[in-house]
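Trainee: In terms of the UniProt record's numbering, the numbers along the sequence shown are unbroken and rise by one, the last being 859.
From the three backbone atoms N, C-alpha and C, an ideal C-beta is built for every residue, glycine too.
What follows is a structure written as C-alpha cells; I'll ask about it next.
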Amino acid sequence: MVQSSDTKLRNIPVRRGAILFALLWTVIISGSLVWNLHQEHQAILNQAISEGNANFDKDTVYRRWSSLHGGVYVPVSEHTPPSPYLSHIPERDITTPSGRRLTLMNPAYMTRQVQELSELQYGVKGHITSLRTLRPGNEPDDWEKKALQSFHEGQKEASEVEIMDSIPYLRFMRPFFTEEGCLQCHDHQGYILGDLRGGISVSVPMDKYYALRKAQAVTLSIWHLILYFIGLSGIFLSARLLHKRIIENEKINENLVFDQERVNSLLALSGKFNLPENELIDFALEEAVRITHSDVGYFHFYDEDSATIHLLRWSRNVMASCAVAESESAYPLENAGIWADCIRQRKAIVHNDYAMLANKKGLPDGHFSIKRHMSVAITDGDHIVAVAGVGNKDLPYDEGDVNQLTLYMGRAWQIIKDNRSKSILEERQDQLKLFRQLIDQSNDAIFIVSTDDGHFLDVNGRASEMLQYDYQELITLGVQDIDVGVPEEFTWEGHIAELRDLPHMLLDSVHRRKDGSTFPVEINVRLFKQNNSEYMIAAARDITDRKNIEKELLEHRDNLERIIQERTDNLAARTKELERSQKALQYLLEDVNEAKEKLETANVKLQELDRLKSMFIASMSHELRTPLNSIIGFSGIILGDMAGEINDEQRDMLSRVSRAGNHLLSLITDIIDIAKIESGKIIPYPEKFPLDMLIDEAVGQIKASAMEKGITVLKKMPDMPVVMHTDRRRLLQCLLNYLSNGVKFSEKGTITVEVTSTGTKAEGTEAQKEKQAGIPEGWIEISVTDTGMGIREEDMKLLFGSFVRLDSPMKTTIPGTGLGLYLTKKITSEVLDGEVGAESKEGEGSRFWLRIPLVLQQV
Numbered sequence: 001m002v003q004s005s006d007t008k009l010r011n012i013p014v015r016r017g018a019i020l021f022a023l024l025w026t027v028i029i030s031g032s033l034v035w036n037l038h039q040e041h042q043a044i045l046n047q048a049i050s051e052g053n054a055n056f057d058k059d060t061v062y063r064r065w066s067s068l069h070g071g072v073y074v075p076v077s078e079h080t081p082p083s084p085y086l087s088h089i090p091e092r093d094i095t096t097p098s099g100r101r102l103t104l105m106n107p108a109y110m111t112r113q114v115q116e117l118s119e120l121q122y123g124v125k126g127h128i129t130s131l132r133t134l135r136p137g138n139e140p141d142d143w144e145k146k147a148l149q150s151f152h153e154g155q156k157e158a159s160e161v162e163i164m165d166s167i168p169y170l171r172f173m174r175p176f177f178t179e180e181g182c183l184q185c186h187d188h189q190g191y192i193l194g195d196l197r198g199g200i201s202v203s204v205p206m207d208k209y210y211a212l213r214k215a216q217a218v219t220l221s222i223w224h225l226i227l228y229f230i231g232l233s234g235i236f237l238s239a240r241l242l243h244k245r246i247i248e249n250e251k252i253n254e255n256l257v258f259d260q261e262r263v264n265s266l267l268a269l270s271g272k273f274n275l276p277e278n279e280l281i282d283f284a285l286e287e288a289v290r291i292t293h294s295d296v297g298y299f300h301f302y303d304e305d306s307a308t309i310h311l312l313r314w315s316r317n318v319m320a321s322c323a324v325a326e327s328e329s330a331y332p333l334e335n336a337g338i339w340a341d342c343i344r345q346r347k348a349i350v351h352n353d354y355a356m357l358a359n360k361k362g363l364p365d366g367h368f369s370i371k372r373h374m375s376v377a378i379t380d381g382d383h384i385v386a387v388a389g390v391g392n393k394d395l396p397y398d399e400g401d402v403n404q405l406t407l408y409m410g411r412a413w414q415i416i417k418d419n420r421s422k423s424i425l426e427e428r429q430d431q432l433k434l435f436r437q438l439i440d441q442s443n444d445a446i447f448i449v450s451t452d453d454g455h456f457l458d459v460n461g462r463a464s465e466m467l468q469y470d471y472q473e474l475i476t477l478g479v480q481d482i483d484v485g486v487p488e489e490f491t492w493e494g495h496i497a498e499l500r501d502l503p504h505m506l507l508d509s510v511h512r513r514k515d516g517s518t519f520p521v522e523i524n525v526r527l528f529k530q531n532n533s534e535y536m537i538a539a540a541r542d543i544t545d546r547k548n549i550e551k552e553l554l555e556h557r558d559n560l561e562r563i564i565q566e567r568t569d570n571l572a573a574r575t576k577e578l579e580r581s582q583k584a585l586q587y588l589l590e591d592v593n594e595a596k597e598k599l600e601t602a603n604v605k606l607q608e609l610d611r612l613k614s615m616f617i618a619s620m621s622h623e624l625r626t627p628l629n630s631i632i633g634f635s636g637i638i639l640g641d642m643a644g645e646i647n648d649e650q651r652d653m654l655s656r657v658s659r660a661g662n663h664l665l666s667l668i669t670d671i672i673d674i675a676k677i678e679s680g681k682i683i684p685y686p687e688k689f690p691l692d693m694l695i696d697e698a699v700g701q702i703k704a705s706a707m708e709k710g711i712t713v714l715k716k717m718p719d720m721p722v723v724m725h726t727d728r729r730r731l732l733q734c735l736l737n738y739l740s741n742g743v744k745f746s747e748k749g750t751i752t753v754e755v756t757s758t759g760t761k762a763e764g765t766e767a768q769k770e771k772q773a774g775i776p777e778g779w780i781e782i783s784v785t786d787t788g789m790g791i792r793e794e795d796m797k798l799l800f801g802s803f804v805r806l807d808s809p810m811k812t813t814i815p816g817t818g819l820g821l822y823l824t825k826k827i828t829s830e831v832l833d834g835e836v837g838a839e840s841k842e843g844e845g846s847r848f849w850l851r852i853p854l855v856l857q858q859v
C-alpha cells in the first residue's frame, strides 16, 4: 500500500501540474473579477432604485397629507396661480376677511411643486401621470405609458436605465390608487375607491453612481491582481516543495520496503510455533541470515550456571562451505573466541573488518573465511540463554542489523520457551485431571477457601451441583455469599485463629442456592499449608433428609400434646359458651322488640319530612324561578336600551337588580341540585366526548371576566387526546365552579387548567411523577390552579362544606352562596363516581382538583 502510494506520488508530472494549476487560478481570478464587477453594477443599480423608492415615498406622503385635508389653501402668486383643472370645485378660490386671495391646491398640484423643487435642488425628476389625465402636463411619455399599462396587468413597480437629454437616468415608477381624498377632484372622471388612478414617475441621474462604480471597479481589479500574483507564487512554491518531497519519499520507501520484509519474516516465524525445536531454529536462523543480507549464521544455547556454550545449529551455507573436523558440542566460555564477546560484555558485538582484529584466535583448518561478523546475546529477563551470530555481509553491519537480529532470534527463543513450558504444563494438567476426577466424584461439596477474606479459590463439581451455580460463577463468590447460618458476631480472623488450634471443626449451618432457596448442611473444616501459604478446605454435606426426619419427629410429639390440650380446653370453653348464649338470647329478643317499635315510629316521621321537602323544592323551583327569570329578562331589556335610553343612576340600579337576580337564581339552582343528589333523583347521562373541547368551552365562558381583571387563563393538556364517557353537563358544571372561584378570588396573575392521566406519558419531572402516582389506573385528574389570595391552613378543613364562606378581605365585595364547592363535591362523588380535593398556601394561590374515571360505569 505504501509502495503504491509513493509510486503514484513519484509519477506526478509536477511541472505540468503547476502550469495547469496556474491556468486554473487565472480562470478563477478572472471569473471572480467579472462576477464582482457584475455584483457591483447590480448594487449601484439597487442604490439608484432605493433613491427612486425614497422619492416616491416622499411624494406619496405629501400627496396623502394633502388628501387627508382635502387639499390646502395657499396665497395666489405668480408661481402658484389658481389651477384651471379645479374650476369645477365651487370653493377653488376664496378671499380671507382681510381681503387676501387664497386658491385650493389639490394633492397633485402640491406634489408637482415639490417634484419641481426636488429637481431644481437634487436633479431628481418627478412626474405624476395617468392614462386619464386632467392636466395635459401630466400626460405620460412612452416609457411611462408602458409602465402604466403593466400596472393594469398586475405589476407592482417598473424601473429601467434610459438616456434623457444625453444623460443616463434610472426611470422608476410605482402605481397609486384612488383614496377618499382623491374623489373631491376626480370623482367626475368615474373613479371609485381602490381604482388604479395612475403612477408617480421618478428619474434619478446615474452620473454619480457610474462614477462610484468606476472607482469600485479599479479597486476590485487591483485587489484581484494582487491576489492573482500571490496565488501564482503559492502554486510554484508548492510545486517545488512537492518535487523535493517526492525525492525524500523515494528514500523513505526503500527503508519501508525493507522494514516490511522484516515484519513479514517475523510474522512468518510466529506462525511456526508448532514445529519441532530444531526445525524452528533452522527456519529462524535462515531468515535472520536473509534479512541481514549475510552469508552465514549460527545459534547456540548458553548455560549461565556452568558458563558453557552448547553448540546447536548453523545455517545451510556454513554446513556447505565448512570442512572443519567434528569438534565438541559443549564449549566453555573461557575457551571461546571473540564471537562470544557478546556474552562476556552483555552487549552486541560488530566486527566490520574481521581481518584487522588484533585479539582474534584464528580459525581452524577447513573453516570458511570471515570478512565481517556480528553476534548478539539472547536474554530471558536478566539471564543470557543463547548466542546468535551472522557474518560476511557485503555492506557494513549497522544498528538496524543489530536490532533485527536481536528481535528475531529473541522471538525464536520465546517460542522455544513457550513450547517447553507448554509440554511441562500439559504433563502436569494430565496429573491434575486425574486428581480432579476423584474430587468431583465425592458425595460432599468441597471448597478451597482463602483465609484472607473467605473467597472461594476452587470448588468441586458436587458444590456446583448442590448450589446450582456454574463453576465460573461459584468461584467468584465467598463463604458469606452462600452461608446464611453465619452468626452476627462472626469474624473471619477469629474463625481462622480458632481453626489453628484444632485438627478440624464440625458444625451445622444453612446454605443458599442460586435461586434463593436454602438447605441445611453439615460442614467439616480444616486448615492446610502450601508453599508457605495457608488455605482452608471445607467439605459440606446436604443433611436435608436428616433434618426433615428430626423435624417430623418433633412435630408429631408437639402435635400430640397440642391435640390433647385443645380437646381439654374446647370442652370447658363450650360449656361456658352455652351458658352465656342462653342469657344473651333472652336479652337480645327484648332489645329487638323495643328497637322495632322505635324504627316504625321514626320511619313514619321521615316519610312525612321527605314529602314536605319535595313539596318545598318543587314550589321554590316554580314559584321563585319564574318571577326571577322575568326580573332578569326585563332588566336586561332595559339595560340594552331596547325600551328607551336610561341615565347612569338608573343603569347602575338595574345592574344591581340583574346581578342580585342572577345570584339568587344560581343559589336556587344549586339548592335544587343538592336536594336531587341527596334524594338520589339525579340520573347521570354518560356520553362520549373529547375532553379538550369541554375544557375549551369552560374556559370560554369565564374568559371575558378573567380578561377584565387582567388574568391569563392557561391550559396544559396531555400529548395524546383524551376521550371520556361520562356525564358531560355535570362535569362542565363542576369545572365552571372551580374556574369562576379562581377568577373571583384573584386580582391578577394566571389560572391554569391542567389535565393529568395515568394513560398519558409523564413529563419526566419528579413533581409530575408524584402527581400521576396519586391517580388510580383508568382515571383522570382535572385541576384548576390560581395565583390568587390563597386559603389559610386552618380554613382548609372547612372547604367543600355547605353554605361556607371563608373570612377574607374580598368577602364583602365578591358575591357567593357558599354552595359552589359543596355542590361540586356532591356531583363528583355521587354522580360522576369520583373525588375532589384542594391544596393552598396563603398569599400564593390555590389548586383545586377532581378525579373521575374515564368511563362512568352505570348501575
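Using DSSP with H/G/I as helix, E/B as strand and the rest coil, what is I192?
Mentor: Position 192 of the sequence shown holds residue 192. Correct three-state label for I192: coil.
Trainee: Pairs of beta-carbons, one from the stretch 415-433 and one from the stretch 272-286, closer than 8 Å: are there three or more?
Mentor: Yes: at least three Cβ pairs fall under 8 Å.
Trainee: Ordered along the chain, which non-local residues of its own chain (more than five positions away) have a Cβ less than 7 Å from that of H224?
Mentor: Indexing the sequence shown from 1 puts residue 224 at position 224. Answer for H224: I29, S32 and L33, listed in chain order.
Trainee: Check each candidate in E777, E91, A340 and W25 and name the one with the smallest Cα separation from I230.
Mentor: Position 230 of the sequence shown, counting from 1, holds the residue named residue 230. Nearest C-alpha to I230: W25.
Trainee: Let me know if L285 comes out buried or exposed under the rule of 16 or more other beta-carbons within 10 Å of its beta-carbon.
Mentor: Residue mapping note: residue 285 aligns to position 285 of the sequence shown, counting from 1. L285 comes out buried.
Trainee: Near residue 895, what residues of its chain come up, given a Cβ to Cβ distance below 6 Å and the 5 sequence neighbours on each side ignored?
Mentor: Outside the shown range of the chain, which is 1 to 859, sits residue 895, and nothing can be said about it.
Trainee: Using a Cβ-Cβ cut-off of 6 Å (strictly less than) and excluding sequence neighbours within five positions of I496, which residues of its own chain qualify?
Mentor: Residue mapping note: residue 496 aligns to position 496 of the sequence shown, counting from 1. Excluding residues within five positions, the ones whose Cβ falls inside 6 Å are T451.
Trainee: Counting only the same chain and skipping the five closest in sequence on each side, list residues whose C-beta sits under 7 Å from that of L294.
Mentor: As a position in the sequence shown, residue 294 is number 294, starting the count at 1. Per the sequence shown, the amino acid found at residue 294 is Ser instead of Leu. If we look at S294 and ignore the five residues flanking it on each side, its Cβ neighbours are V390, G391, N392 and K393.
Trainee: Rounded to whole angstroms, what is the Cα-Cα separation between D786 and D641?
Mentor: Residue numbering aside, residue 786 sits at position 786 when the sequence shown is read from its first letter. Residue numbering aside, residue 641 sits at position 641 when the sequence shown is read from its first letter. Taking the straight line from one Cα to the other gives about 37 Å.
Trainee: Below 8 Å on the Cβ atoms is my guess for R63 versus T96; work out the distance and round it to an integer in Å.
Mentor: Here residue 63 corresponds to residue number 63 of the sequence shown, with the count starting at 1. Here residue 96 corresponds to residue number 96 of the sequence shown, with the count starting at 1. The pair is not a contact, with the Cβ atoms about 26 Å apart (cut-off 8 Å).
Trainee: Nearest to F177 by alpha carbon, out of Y535, S802, P721 and H152?
Mentor: Numbered from its first residue, the sequence shown carries residue 177 at position 177. Comparing Cα positions, the closest option is H152.
Trainee: Given that a residue counts as buried once 16 or more other Cβ atoms are within 10 Å of its Cβ, and exposed if not, what is S740?
Mentor: By 1-based counting over the sequence shown, the position of residue 740 is 740. The residue in question, S740, is buried, as its Cβ has 16 or more Cβ neighbours within 10 Å.
Trainee: The alpha helix (DSSP H) spanning I446 covers which residue range?
Mentor: One-based indexing of the sequence shown puts residue 446 at position 446. Careful: I446 lies outside any alpha helix (DSSP H), inside the beta strand (DSSP E) at A445 to S450.
Trainee: Note down the Cα distance separating T765 from V722, rounded to an integer number of angstroms.
Mentor: Counting from 1 along the sequence shown, the entry for residue 765 is found at position 765. Counting from 1 along the sequence shown, the entry for residue 722 is found at position 722. For T765, the predicted structure reports a pLDDT of 46, less than 50, and the residue's modelled location is therefore unreliable. A value from the coordinates is still provided. Taking the straight line from one Cα to the other gives about 21 Å.
Trainee: If I measure Cβ to Cβ from Y535 and keep anything under 8 Å in the same chain, skipping five residues before and after, which residues do I get?
Mentor: Sequence index remark: in the sequence shown, residue 535 carries index 535 (1-based). These residues qualify, in order along the chain: I448, V449, S450, T451, L457, L527, F528 and K529.
Trainee: Nearest CA to the CA of W413: which residue from Q429, E426, K208 and D380?
Mentor: Counted from its first residue, the sequence shown places residue 413 at position 413. Checked all of Q429, E426, K208 and D380; the closest Cα to W413 is D380.
Trainee: Which one of E839, T601, I711 and I852 has the shortest CA to CA distance from R728?
Mentor: Against the sequence shown, residue 728 aligns to sequence position 728. When only C-alpha atoms are compared, the closest one is I852.
Trainee: Flag this pair as yes or no: are the beta carbons of T367 and Y354 separated by less than 7 Å?
Mentor: By 1-based counting over the sequence shown, the position of residue 367 is 367. By 1-based counting over the sequence shown, the position of residue 354 is 354. In the sequence under discussion, the amino acid at residue 367 is His, which differs from the Thr named in the question. Going by C-beta atoms, H367 is not nearer than 7 Å to Y354.
Trainee: Could you tell me the alpha carbon to alpha carbon distance between T760 and P718, rounded to whole angstroms?
Mentor: Taking the sequence shown and counting its residues from 1, the one referred to as residue 760 is at position 760. Taking the sequence shown and counting its residues from 1, the one referred to as residue 718 is at position 718. Low confidence applies to T760: its pLDDT is 43, below 50, so where it sits in the model is not reliable, and the reading given next is rough at best. Their backbone Cα atoms lie some 6 Å apart in a straight line.
Trainee: Where does D430 fall in DSSP's three states?
Mentor: Within the sequence shown, the letter at position 430 stands for residue 430. Looking at D430 - three-state DSSP - the assignment turns out to be helix.
Trainee: Does DSSP put G98 in a helix, in a strand, or in coil?
Mentor: Numbered from its first residue, the sequence shown carries residue 98 at position 98. Position check: residue 98 holds Ser in this sequence, whereas Gly was assumed. DSSP places S98 in coil when its eight states are reduced to three.
Trainee: Look at the Cβ atom of V510, then the Cβ atom of V484, and state whether they are nearer than 7 Å.
Mentor: As a working mapping, residue 510 is identified with position 510 in the sequence shown. As a working mapping, residue 484 is identified with position 484 in the sequence shown. In contact: V510 and V484 (Cβ atoms closer than 7 Å).
Trainee: Can you check which of these residues, I338, N352 and A377, is closest to G363 by C-alpha distance?
Mentor: To locate residue 363, count along the sequence shown from 1; it is residue 363. The identity of residue 363 in the sequence shown is Leu, whereas the question assumes Gly. Ranking the options by Cα distance to L363, first place goes to I338.
Trainee: Go to S369, then tell me how far its beta strand (DSSP E) extends in each direction, as first and last residue.
Mentor: Counted from its first residue, the sequence shown places residue 369 at position 369. Where S369 is concerned, there is no enclosing beta strand (DSSP E), given that its DSSP letter is neither H nor E.
Trainee: Determine the closest residue to G198 out of R245, D648, T129 and I163, with distance taken between C-alpha atoms.
Mentor: Taking the sequence shown and counting its residues from 1, the one referred to as residue 198 is at position 198. Closest by alpha carbon: T129.
Trainee: Which residue or residues does DSSP assign as beta-bridge partners of Q468?
Mentor: For the purposes of this step, residue 468 is taken as the residue at position 468 of the sequence shown. Paired residue(s): none; Q468 is not in a bridge.
Trainee: Taking just the CA atoms, how far does Y822 sit from V604?
Mentor: Counted from its first residue, the sequence shown places residue 604 at position 604. Counted from its first residue, the sequence shown places residue 822 at position 822. Distance between the alpha carbons of V604 and Y822: 29 Å.
Trainee: Which one or two residues does DSSP pair with R541 in a beta bridge?
Mentor: Walking along the sequence shown from the start, residue 541 turns up at place 541. According to DSSP, which records beta bridges pairwise, R541 is partnered with E522.
Trainee: Where does R245 sit, in a helix, a strand or coil, going by DSSP?
Mentor: Position 245 of the sequence shown, counted from the start, is the residue given in the question as residue 245. DSSP places R245 in helix when its eight states are reduced to three.
Trainee: Using only the alpha-carbon positions, how far apart do L467 and I543 sit?
Mentor: In the sequence shown, the residue the question calls residue 467 occupies position 467. In the sequence shown, the residue the question calls residue 543 occupies position 543. About 14 Å.
Trainee: Taking C-beta to C-beta, are A217 and L37 nearer than 7 Å?
Mentor: On the sequence shown, position 217 is the one that residue 217 refers to. On the sequence shown, position 37 is the one that residue 37 refers to. Cβ distance < 7 Å, so A217 and L37 count as in contact.
Trainee: In the structure shown, what three-state DSSP assignment does F299 receive?
Mentor: In the sequence shown, residue 299 corresponds to position 299, counting from 1. Reduced to three states, the DSSP call for F299 is strand.
Trainee: By alpha-carbon positions, which one of Y469, R411, Y209 and L131 ends up nearest to P175?
Mentor: Numbered from its first residue, the sequence shown carries residue 175 at position 175. Ranking the options by Cα distance to P175, first place goes to L131.
Trainee: Pull up the distance between the alpha-carbon of I309 and that of I252, whole angstroms please.
Mentor: To locate residue 309, count along the sequence shown from 1; it is residue 309. To locate residue 252, count along the sequence shown from 1; it is residue 252. Whole-angstrom Cα-Cα distance: 40 Å.
Trainee: Apart from the five residues on each side of it in sequence, which residues of its chain come closer than 8 Å, Cβ to Cβ, to V76?
Mentor: Against the sequence shown, residue 76 aligns to sequence position 76. Here the set comprises P82, D93, R101, L102 and T103.
Trainee: Checking the sheet assignment: what are the DSSP bridge partners for P853?
Mentor: In the sequence shown, residue 853 corresponds to position 853, counting from 1. W779.
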